[in-house]
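Worksheet: the structure to be examined is printed underneath.
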Amino acid sequence: MCGSTLISIGLNFFIVPSQLVDGGMIGLALILNYIWDVKIGSALLVFSVPIFIIVWFYKQSFVYKGVLGISMTSLMVNVLHDVPFPFDPSPLLSAILGGLLLGCGVGLMFLFNISTDSLDLFALFISHSLNVNLGLIIFILDFLVIGLGFLLMNHDQKVLSVIAICAHVSTITLFSILKNKQNNPAY
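If you use my numbering, the sequence shown corresponds to residues 21 to 207, in order.
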């Protein structure tokens, strides 16, 4: 619940007001929200179903925890969507804080192998299967989604979205290193 709340705060109070894009299914849900005013949490949940089905055939335990994480995140994003935020941070501060909050929320949940985004779930699956750093896989997937978002954004939004994603991925990478040290003291 704590990780989902951090993600929701990062999205609703920092990323969305500046019209920034993140990666993964969250990024796709943001794009739909900006174009058609689709609820971000609802789109995240609906888009996750096909990924759940694919991952189910490979590692059912990822899906169980993924359903929990994505359901909680979708719920929290929708619940906090209409809550007013008392501050109006600059777009740069929004990119940095939004990215850090997203990264902390995702990283905290990854410590317990709980996914918050179905593309992150897919990245977690790849990371476990190929023993590749989770942050790197998420960076690649996020980069593809933000490329789609670039089609809709002005120059400043593009730069700020890249800053947010770098903050997000850097934070997740720190959590990944922490988890590896806990599981493997010689790491």
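Glycine is no exception: its CB is placed at the ideal position from the N, C-alpha and C atoms.
- State the start and end residues of the unbroken alpha helix (DSSP H) segment that holds Asp-176. Reading the sequence shown from its first residue, position 156 is the one you call residue 176. 175-203 is the extent of the alpha helix (DSSP H) around Asp-176.
- Task: For the alpha helix (DSSP H) holding Asp-140, just list the boundary residues, first then last.
- Result: Numbered from its first residue, the sequence shown carries residue 140 at position 120. Here the alpha helix (DSSP H) through Asp-140 covers 138-150.
- Message: Let me confirm a value: Asp-42 is counted as buried when at least 16 other C-beta atoms fall within 10 Å, else exposed. Which label applies?
- Response: For the purposes of this step, residue 42 is identified with residue 22 of the sequence shown, where counting begins at 1. Asp-42 counts as buried, since at least 16 other C-beta atoms from the protein chains shown sit within 10 angstroms of its C-beta.
- Given 8 Å as the limit, is there contact between the region 155-166 and the region 185-202, that is, 3 or more CB pairs closer than that? By the Cβ rule, the region 155-166 counts as touching the region 185-202, because three or more pairs are nearer than 8 Å.
- Of all the options Phe-34, Ile-51, Cys-22 and Pro-37, which has the alpha carbon lying nearest to the alpha carbon of Leu-168? Counting from one through the sequence shown, the residue named residue 168 turns up at place 148. With distances taken between Cα atoms, Leu-168 lies closest to Ile-51.
- Query: Anyone know if the C-beta pair for Leu-120 and Gly-30 falls short of 9 Å?
  - Reply: Your numbering for residue 120 matches position 100 in the sequence shown. Your numbering for residue 30 matches position 10 in the sequence shown. In this structure, Gly-30 lies closer than 9 Å to Leu-120 by Cβ.
- Do the region 60-69 and the region 105-119 make contact, defined as three or more Cβ pairs closer than 8 Å? No contact exists between the region 60-69 and the region 105-119.
- Using three-state DSSP, classify Tyr-84 as helix, strand or coil. Along the sequence shown, one-based indexing puts residue 84 at 64. Reduced to three states, the DSSP call for Tyr-84 is helix.
- C-beta atoms of Met-129 and Gly-23 nearer than 9 Å: In the sequence shown, residue 129 corresponds to position 109, counting from 1. In the sequence shown, residue 23 corresponds to position 3, counting from 1. Against a cut-off of 9 Å, the Cβ pair of Gly-23 and Met-129 comes out as a contact.
- Query: Over what stretch of residues does the alpha helix (DSSP H) that includes Ser-62 continue unbroken?
  - Reply: By one-based count along the sequence shown, residue 62 stands at place 42. Where Ser-62 is concerned, the enclosing alpha helix (DSSP H) stretches over 60-76.
- Task: Rounded to whole angstroms, what's the CA-CA distance from Val-83 to Leu-180? Just pull it up for me.
- Result: For the purposes of this step, residue 83 is taken as the residue at position 63 of the sequence shown. For the purposes of this step, residue 180 is taken as the residue at position 160 of the sequence shown. C-alpha separation (whole angstroms): 32 Å.
- Query: Between which two residues does the alpha helix (DSSP H) carrying Asn-53 extend?
  - Reply: For the purposes of this step, residue 53 is identified with residue 33 of the sequence shown, where counting begins at 1. It spans 44-56 - the alpha helix (DSSP H) in which Asn-53 sits, taken as one unbroken run.
- Query: What's the C-alpha gap between Met-45 and Leu-131?
  - Reply: By 1-based counting over the sequence shown, the position of residue 45 is 25. By 1-based counting over the sequence shown, the position of residue 131 is 111. Met-45 and Leu-131: Cα-Cα distance of roughly 20 Å.
- Query: Is Leu-135 near Gly-86, with beta carbons less than 9 Å apart?
  - Reply: Here residue 135 is taken as the residue at index 115 of the sequence shown, counted from 1. Here residue 86 is taken as the residue at index 66 of the sequence shown, counted from 1. In the sequence on display, residue 135 carries Ser and not Leu. In this structure, Gly-86 lies closer than 9 Å to Ser-135 by Cβ.
- Message: How far does the alpha helix (DSSP H) with Met-129 in it extend, from its first residue to its last?
- Response: For this step, residue 129 is matched to residue 109 along the sequence shown. 111-130 is the span of the alpha helix (DSSP H), which, as asked, contains Met-129.
- Message: At the level of alpha carbons, what is the spacing between Ser-204 and Ser-196?
- Response: Position 184 of the sequence shown, counting from 1, holds the residue named residue 204. Position 176 of the sequence shown, counting from 1, holds the residue named residue 196. The question names Ser, but residue 204 in the sequence shown is Asn. Looking at the backbone, the Cα of Asn-204 and that of Ser-196 are separated by about 12 Å.
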